[in-house]
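Q: Counting in the numbering used here, the sequence shown runs from 320 upward without gaps. Glycine residues also receive a C-beta, built at the ideal position from the N, C-alpha and C atoms. As the structure is a prediction and not an experimental result, all values here were calculated from the model.
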Amino acid sequence: MSNTSAVRHKHTAPREKETTKPDYIIWVKRILSLLSGLYCAIVVFFAYHSIFYKLELMDVPKACMIVTGISVMALAVMLYTRKQFLTKISSLIMLPVMVFPVMIYFGQWWVVAPLLAVSVIIFFLSGLGETAKTVWGTIFLLIYLLGSLIYFLVTSLFAPATVTTLVKEGSSPSGLYRYEIYNTTDSSNGSTKVTMESNTMDKVYYHLFWFKIRGLSHDVVIERPLRDPEEIEITWETKTRQEITEEIEAISENVEVTLTDKQMDMLGRDAYQVTFNNGDVIPMKQEDYHKTVIALGAREQEVLDTSKTELMLDQMTDKQKKALGITVDNFKTVKLADFTDDELAVLGIPEQGDVMYYNGKVVFRYYIAVLEQYFDISKQEITLL
Numbered sequence: 320m321s322n323t324s325a326v327r328h329k330h331t332a333p334r335e336k337e338t339t340k341p342d343y344i345i346w347v348k349r350i351l352s353l354l355s356g357l358y359c360a361i362v363v364f365f366a367y368h369s370i371f372y373k374l375e376l377m378d379v380p381k382a383c384m385i386v387t388g389i390s391v392m393a394l395a396v397m398l399y400t401r402k403q404f405l406t407k408i409s410s411l412i413m414l415p416v417m418v419f420p421v422m423i424y425f426g427q428w429w430v431v432a433p434l435l436a437v438s439v440i441i442f443f444l445s446g447l448g449e450t451a452k453t454v455w456g457t458i459f460l461l462i463y464l465l466g467s468l469i470y471f472l473v474t475s476l477f478a479p480a481t482v483t484t485l486v487k488e489g490s491s492p493s494g495l496y497r498y499e500i501y502n503t504t505d506s507s508n509g510s511t512k513v514t515m516e517s518n519t520m521d522k523v524y525y526h527l528f529w530f531k532i533r534g535l536s537h538d539v540v541i542e543r544p545l546r547d548p549e550e551i552e553i554t555w556e557t558k559t560r561q562e563i564t565e566e567i568e569a570i571s572e573n574v575e576v577t578l579t580d581k582q583m584d585m586l587g588r589d590a591y592q593v594t595f596n597n598g599d600v601i602p603m604k605q606e607d608y609h610k611t612v613i614a615l616g617a618r619e620q621e622v623l624d625t626s627k628t629e630l631m632l633d634q635m636t637d638k639q640k641k642a643l644g645i646t647v648d649n650f651k652t653v654k655l656a657d658f659t660d661d662e663l664a665v666l667g668i669p670e671q672g673d674v675m676y677y678n679g680k681v682v683f684r685y686y687i688a689v690l691e692q693y694f695d696i697s698k699q700e701i702t703l704l
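#1: So Val-539 is in the beta strand (DSSP E); what residue range does that whole segment cover?
#2: In its own chain, which residues sit with a C-beta less than 7 Å from the C-beta of Thr-323, not counting the 5 before and 5 after it?
#3: For my contact list, Leu-663 and Gln-582 are in at a C-beta cut-off of 8 Å; report their separation, rounded to the angstrom.
#4: Quickly, what does DSSP pair Met-603 with across the bridge? List them, please.
#5: What separation, rounded to the nearest whole angstrom, lies between the Cα atoms of Leu-472 and Lys-373?
#6: Use the C-beta contact count for Tyr-608: other C-beta atoms within 10 angstroms, 16 or more gives buried, fewer gives exposed.
#7: According to DSSP, is Lys-698 helix, strand or coil?
#8: Does DSSP put Gly-466 in a helix, a strand or coil?
#9: When burial is assigned at 16 or more other CB atoms within 10 Å of the CB, is Glu-337 buried or exposed?
#10: Grouping DSSP H, G and I as helix and E and B as strand, with all else coil, what is Lys-654?
#11: State whether the stretch 492-511 contacts the stretch 543-558, with contact taken as three or more CB pairs (one from each stretch) at a distance under 8 Å.
#12: Exposed or buried, which one is Gln-403 when buried takes at least 16 other CB atoms within 10 Å?
#13: Once the 5 residues before and after Ser-438 are set aside, which same chain residues still bring their CB inside 6 Å of it?
#14: CB-CB under 6 Å to Met-397, same chain, minus the five flanking residues each way: which ones, in chain order?
#15: Beta strand (DSSP E) containing Leu-411: first to last residue?
#16: Taking the alpha-carbon of Val-681 as reference, which of Lys-627, Val-540 and Met-392 has the nearest alpha-carbon?
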């Protein structure tokens, strides 16, 4: 019995020694797996930008070569480190995230194809168990099927039954704004539309990848019937803040502007005036207004039919305020004539800027764009069409 054990020991000991990997190889793989996480971050970064920006390649062959080269190297590293935790996690993240670029840039495979290929290959060849691959693969397949179905249904239902053509585009003298003119052909003589966009919110990487901002265009002209491009004349002037103020006030002294809470704070003005049922009248800045708590006694609870002992003033409905005898006056709508030139400067309106004329008529003033925050990132909309 002991001889047999000794023989087995002699045969198994070298085999165990052969299968043991040096510690430095394990650490090399762990370190290289960081590159897998970096590539995964690039994929997530691209997916995010595909939703909020429109990609235009400034040099298609060069951009494709760079993306393909990086993807091939990343795939080699990920296959080598496929059993590392970070690589496994990356393989689970990239494939579902790529659903957005695939739908939005369907048919434009110059950049999408390499990223998608790496995502698919590393998922199936990663160190995940077969059961995990089957389960996650089924989930990802459903994500792609449902996502594609919803995307094409939405684009089909909401896409207008018209033909829209870009007929002219350009930038303002300062380079801060750009315009695009579209002619739309439909069953009723068509229409012409002029849209304005900020020319400073795009992102350009390595002079190759131009991500143009989506969902922040502002229509300045919509007219029917459509005009031939030869009939459209766009001119620009540079005017001062004071000149524009005088022009607007000459049209009407009752022009009003609605400011945000932040703008009211910039001016140091009270945004609200609250009148309570005991007759107290309290002017409030926006921060104080949003922090005000209304205590509810037994009578107030009965009136509002609630068991709460307090309510935030800014969360109360008009009906609740009226029931408690609370009146809120909003001071954020201000006549333009009530601003001083210094206050306009405080609001971020430069001393001078671009004014656009469409066939001799003013249709865009930088002054109003800044004041009304046409291109504030918080107003960005998700557009799929």
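A: Put simply:
#1: Val-539 -> beta strand (DSSP E) spans 537-542.
#2: With a pLDDT of only 48 at Thr-323, under 50, the local geometry of the prediction cannot be trusted, and no value is derived from it.
#3: About 11 Å separates the CB atoms of Leu-663 and Gln-582; that is not less than 8 Å, and the two are not in contact.
#4: As DSSP reads the structure, Met-603 sits in a beta bridge with Tyr-591.
#5: Distance between the alpha carbons of Leu-472 and Lys-373: 21 Å.
#6: Buried.
#7: Lys-698: helix per DSSP, three-state reduction.
#8: Note: Gly-466 maps to helix in three-state DSSP.
#9: Here the model assigns Glu-337 a pLDDT of 47, short of 50, so the residue's position is not dependable and the matter cannot be decided.
#10: DSSP places Lys-654 in the strand class (E or B) of the three-state scheme.
#11: Result yes; three or more Cβ-Cβ pairs closer than 8 Å.
#12: Per the 10 Å Cβ criterion, buried.
#13: In its chain, beyond the 5 residues on either side, Met-413, Leu-414 and Met-417 have a beta carbon closer than 6 Å to the beta carbon of Ser-438.
#14: Excluding its 5 nearest sequence neighbours in each direction, Met-397 has C-beta neighbours in its own chain below 6 Å: Ser-355, Thr-406 and Ile-441, listed in chain order.
#15: For Leu-411, no beta strand (DSSP E) encloses it; the enclosing alpha helix (DSSP H) starts and ends at 404-416.
#16: Checked all of Lys-627, Val-540 and Met-392; the closest Cα to Val-681 is Val-540.
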